[in-house]
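**Q** Chains as they are written, first to last, in our numbering: chain A, 12 to 304; chain B, 508 to 872; chain C, 256 to 631.
Idealized CB from N, CA, C, for every residue including glycine.
Computed from a prediction, not measured in an experiment: that's the story for all the values here.
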Amino acid sequence: MPELARAAWSRRLLLALLLAPALLWLSLLIVLPHLDLALLSFRERIAPRQFVPSLAQYRTFFTEPLYWHVFLRTALMSAGATALTLLVAFPIAWTIAKLARGRMSALLFVVCLIPFWVSETVRTLGWMILLRESGVLPQLLVHLGITAQPVELLYHDATILVGLVYTSLLFMVVPLVGSLESLDNALIEAAYDLGAKGGAILREIVIPHAAPGITAGCIVVFMLTLGNYLTPTLLGGKNSLWFTEQIYNQFITRFNWEQGAAFGFLLLALSTAMVWFGLKASGQRFSDVMRRT
Amino acid sequence: MTSSFDLRRGRLRCARLALCAALAGLLGLPAHADDSKTLRIITWADYVPAELISKFKQETGIQVQVTLSNNEEIISKLRATGGAGFDLAQPSQDRIVGAQQEFRIYRPFDLSKVKMEQFVPGLLDTIRKNATLDGKLYGLPYVWGTEGLVYNSKKTSIADYRDLCRPELRGRSAVRLKRPTLMAFALALGTNPFALYNDTKAYTALMEKVGQTLIACKPNFRFFYDNKDQLLNGMRSGEVYAAMMWDSGGWALNRENPDIKFINPRSGAVAWMDTFAMPARGRNEAGVYAWINFVMRPENAAKVGKSIGNFTAAKGADELMDPRLRQQFNETFPEGLKNIKWYPAIPPGLEEIEGGVMDRVKAAN
Amino acid sequence: MSATASASSAPADLEARAVSKRFGAHLAVDNLSFAVARGSFFSILGPSGCGKTTLLRMIAGFIQPDGGSIAIGGRDMAGVGPNRRPVNMVFQQLALFPMMSVSENVAFGLARRGMARAERVRKAEAMLERVGLAGAGGKRTDELSGGQRQRVAIARSMVLEPTLLLLDEPLGALDLKLREHMKLELKQLQASFGTTFVYITHDQSEALVLSDHVGVMNHGHFEQLGTPQQLYYAPATPFVAGFVGNNNRVAGKALALEGALVQVGTAAGWSVRARAHGTIAVGSAVEAFIRPESAMLGRSAADFPPGQLAYTGEVLSLLFDGANSVVLLRELQSGQELRIALPQTGAYADLKVGDRIHFGFDPERAICFPAAAAHA
């Protein structure tokens, strides 16, 4: 009996040890800083090194049109980028999951992975070299006679979107492939056999089956896009207006940690709200979706 | 007891050891090298030439480690650590006192340990005025320069900051969305912003006016550049015709292409001075003094000046520098330093006003 | 080889003419022709890999034949997609749509035809009632038992009133008891709908029980096409004799011909007589087949009719299975092993392993093929 008790005890200890790194990581690097930020966001500087509890930071957000304008813009652009990513990723995922065999599907995965072989900075700078007025693509357009003069392809919202989609593609493809692979081909054949055409099969069979994967991909991509800093700022140039940039500005160039913390929490609230809304709208449960990511 | 249970116990022991090691690491049990043998400097690009690092190591045995940064980041990083992580910082002279009042990130210099005779007296006077707090000096001059206008004479010709907003320069000019640009445009609007530093209300009004001007001008700006290279590339490729620019960059472009001119604007170039400042919790104070006394020797300072493309605060160094640079300086400033505006120290709070203005400029369409 | 599955005058609902399909070097379906009469239950029976699934998928339209033509209801199906064929299929794993209710599953095809919602629901409900699932329409498919799911799959197809219903081993996933039950149910459903069923299976008992006609398929062609009785009592090839029902296979040489009978001698020196199928020359290699139930047991040699050879065997094991019980014997002189059915009278209930017993069979009920004729 003591032998058994000891075995149970050491099993529990082993479990604790296995989870320890994750728990330490979570508490030291995620929970504690967030608590600190939460405290920061609810105070106001009244004199050098003197602070009082206050809602001023949040009030500023709502009274300064600029901030919520950028906030809203970031949310809408992120939603748009997510939808675009889904549109682009779906055929790729379908090809990997259902059409390509062996090497081919591995190759396609690698194609989606290539953007991540270089750092985001290098990748984005590459885009800038490609798209700037004196860059490769505008020159090519002139060369082909499509435009009379080199056009500036940088610093447009469309450029930001393209960059974001490119960066997010893999995070949409992976959960989609997972959920499409688990779709029994016989279901598609059965639907076809019962008289359905491509559109109806997609609507009635494929999308309902892949819904957890779609939701998972959308959540991940939306969060990544919302929190992206480099791509919108570099590709968007003087018009980027991304909310993370506002947070960076508050923290780094304004030394206004209180405002930055408040902005950070508003962004957190936004992504939480969007995730909740996405789950509600697609009728998914959080646990199901998370298993797909 | 079965053998598999033995195995599990063995694994358990390993795990326990690993956990102890990890905890020891997390608690930061000291394992780093001797503090007196390293000097950690946070500074701007080109400010610490590699040549001087190895020379300093030979003389003193101290290894210099350089971290590249800018004014805002220097303050932010030191604020985050309460002044730890670096032994020496090189902020601009106007950014020391305000940051010190607000965040207590620096400590004063013990001037008895500095060879003061190596510095140009006029620049020392300027910094004494701007970097003294409670009777103690927090900064020593290192390098100085100006920010004026650069333009491609093949494409256009400009004389003052607001010329960047002329209709024919639509999409062809550039500035940084940083406070020097606000100061320059305020000067161009005919008001000296530095005179209003202590009048928050008037200063706010002035900044609002500058903001309006920049918003109206925004279609002209191809981009707001974040680093020197971005603008240099824009000027070289011909995408940008005219811009606000540091003198060193302007002169470098002029050396490559004589059509590109760097000029002192009619409203006056703004002059900056970067400094030595000691973070509050640096670990090698002796090394800091050794480095300052070393690097301000004329022959060493001349190397710094060459590396940056600006003149240093070291007495006798200018004479050792490239005559071409002196010639360019004289071309840009035929009247010498007469029409140049030095930044005074920024009182706390002004940056918030300026920040709001810049946010609105950024957001405007 | 060409054959018609029915001698009756009913028009053919399915007619295959010289259909072939090749996958790389593998000829899956080899120049196959057959017809299935309207309203009949037709099975394609064969071991896995014989090409029966390929054939079924060609009929459904999922794959195109390399050669030949398929006509359904008298209409040529070349270039007609599965969604436009008057054919529906019950899949091996049923392929019910898990994202839909039972009723939505049944109404799926109707919706694709653009039928109004109310009408669809009514028809689906009526069909569910017909397969004995009245009131189950609102359930999720995973709330049903295996047999109920089977019926939903059939209902989902039958509601579209297809000319032909294809069934791809639908009983394979069920447990034995349920499988036996569903066999009966399938047969009854087919009879009540009157729709032509084409059923593929590797289970000869399913094929025999269910079908009006069976095509025994091997290596891409039909070995024999006929009624279950014909296959069982008059196999056309050694493959059919071995595959359909249980059989004792005896390989040897033709020692002598005695009218319609051949005397077969095995290498070990056992000698039996069997009815000859086809032309057999003395001295040629042959295969004889003796059904377990055609052999008789006897306590003494006198128990057998005069003129019939009687042998002595030793009981190796007893395989008791109620009505299907058999005894495994070894013939004493040659060591030849044979399975012989135990009479249902219980007359040999006292038999034990190691006992010696006499056995014999009517040579007319044993059949002998030329060995070389395996792939005629």
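Among the candidates B/F701, B/I767 and B/P805, whose CA atom is the shortest distance from the CA of B/A778?
**A** Checked all of B/F701, B/I767 and B/P805; the closest Cα to B/A778 is B/F701.
**Q** Pull up the distance between the alpha-carbon of B/V874 and that of A/A86, whole angstroms please.
**A** No statement about residue 874 of chain B is possible, as the shown extent of chain B runs from 508 to 872 and does not include it.
**Q** Pull up the distance between the alpha-carbon of C/L593 and that of C/V582, whole angstroms please.
**A** If you take the alpha carbons of C/L593 and C/V582, they lie about 8 Å apart.
**Q** To the nearest angstrom, how far is the alpha carbon of A/T170 from that of A/L95?
**A** 13 Å
**Q** 7 Å is my cut-off, CB to CB: does C/F346 come that close to chain A?
**A** At least one chain A Cβ lies under 7 Å of C/F346.
**Q** For B/N727 and B/L595, what's the separation of their Cα atoms in angstroms?
**A** Inter-residue distance for B/N727 and B/L595 is about 40 Å (C-alpha atoms, whole angstroms).
**Q** So, helix, strand or coil for B/F836, using DSSP?
**A** helix
**Q** Under a CB-based cut-off of 7 Å, is B/R679 close to chain A?
**A** no
**Q** Return the CA-CA distance between B/K685 and B/F818, expressed in angstroms with no decimal places.
**A** 23 Å
**Q** Between C/A273, C/S275 and C/L300, which has its C-alpha nearest C/S460's C-alpha?
**A** C/L300
**Q** Report buried or exposed for A/I258, applying the criterion of at least 16 other Cβ atoms within 10 angstroms of its Cβ.
**A** buried
**Q** Hey, could you find the ends of the alpha helix (DSSP H) B/K564 is sitting in?
**A** Membership of B/K564 in the alpha helix (DSSP H) is indicated by the continuous run A557 to T567.
**Q** If you compare alpha carbons, which of B/G592, B/E859, B/F783 and B/G590 is closest to B/W798?
**A** Among B/G592, B/E859, B/F783 and B/G590, the Cα nearest to that of B/W798 belongs to B/F783.
**Q** Assuming B/N637 and B/D667 form a contact by the criterion Cβ under 8 Å, report the distance between their Cβ atoms to the nearest whole angstrom.
**A** Not quite, the Cβ-Cβ distance comes to about 26 Å (not below 8 Å), so this is no contact.
**Q** Could you check where the alpha helix (DSSP H) with C/H476 kicks off and where it finishes?
**A** No alpha helix (DSSP H) holds C/H476; the beta strand (DSSP E) holding it covers H476 to G481.
**Q** Please identify the residue among B/I853, B/P854, B/N837 and B/A852 whose C-alpha is closest to the C-alpha of B/N846.
**A** B/N837
**Q** Entirely within the stretch 581-629 of chain C and at least 3 residues each: give me those beta strand (DSSP E) ranges in chain order.
**A** 581-586, 592-596, 611-616 and 622-625
**Q** Tell me the DSSP secondary structure of B/M828 in three-state form.
**A** coil
**Q** Select from the stretch 325-338 of chain C all residues with a C-beta closer than 9 Å to any C-beta belonging to chain A, and list them in chain order.
**A** G336, P337 and N338
**Q** Per DSSP, B/I548 forms a beta bridge with which residues?
**A** Paired residue(s): B/V573 and B/L595.
**Q** Check the Cβ of A/S130 against every Cβ in chain E and list those closer than 8 Å, keeping chain order.
**A** Annotation note: the requested chain E is absent from the structure, which comprises protein chains A, B and C.
**Q** A/L194: which of A/L213, A/M183, A/L205 and A/K208 sits nearest, CA to CA?
**A** A/L213
**Q** Under DSSP, the alpha helix (DSSP H) around B/G823 begins and ends at which residues?
**A** Element bounds for B/G823: n/a, residue is neither H nor E.
**Q** Taking only beta-carbon positions, decide if A/A201 is within less than 7 Å of chain C.
**A** yes
**Q** Would C/L429 pass as a contact of C/G401 if the rule is Cβ separation under 7 Å?
**A** yes
**Q** According to DSSP, what are the bridge partners of C/A292?
**A** C/A267
**Q** Any chance the stretch 689-696 of chain B sits against the stretch 656-670 of chain B, with 3 or more Cβ pairs inside 8 Å?
**A** yes
**Q** Confirm, please, whether the CB-CB distance from A/R70 to A/F62 is below 7 Å.
**A** no
**Q** Out of curiosity, what's the CA-to-CA distance linking B/L530 and A/L77?
**A** At B/L530 the pLDDT is 46, less than 50, meaning the model places this residue with poor confidence; the figure from the coordinates comes in the next sentence. Spanning the two alpha carbons is a distance of roughly 46 Å.
**Q** With contact counted as at least three CB pairs below 8 Å, one residue from each stretch, are the stretch 405-413 of chain C and the stretch 370-389 of chain C in contact?
**A** yes
**Q** To the nearest angstrom, how far is it from the Cα of C/A511 to the Cα of C/M313?
**A** 47 Å
**Q** How would you list, in chain order, the residues of chain A whose beta-carbon sits under 8 Å from the beta-carbon of C/L431?
**A** Those within 8 Å of C/L431 in chain A number zero; the least Cβ separation is about 24 Å.
**Q** Between B/E675 and chain A, is any beta-carbon pair separated by less than 7 Å?
**A** Output row for B/E675: interface = no.
**Q** Secondary structure at B/K786, three-state DSSP: helix, strand or coil?
**A** Before going further, note that residue 786 of chain B is Pro rather than Lys in the sequence given. Correct three-state label for B/P786: strand.
**Q** Using 8 Å as the cut-off, can you tell me whether the stretch 845-860 of chain B makes contact with the stretch 624-641 of chain B, which would need three or more C-beta pairs spanning the two stretches below that distance?
**A** yes
**Q** Please confirm if B/E654 has its CB atom under 7 Å from at least one CB of chain A.
**A** No, its Cβ sits nowhere closer than 7 Å to a Cβ of chain A.
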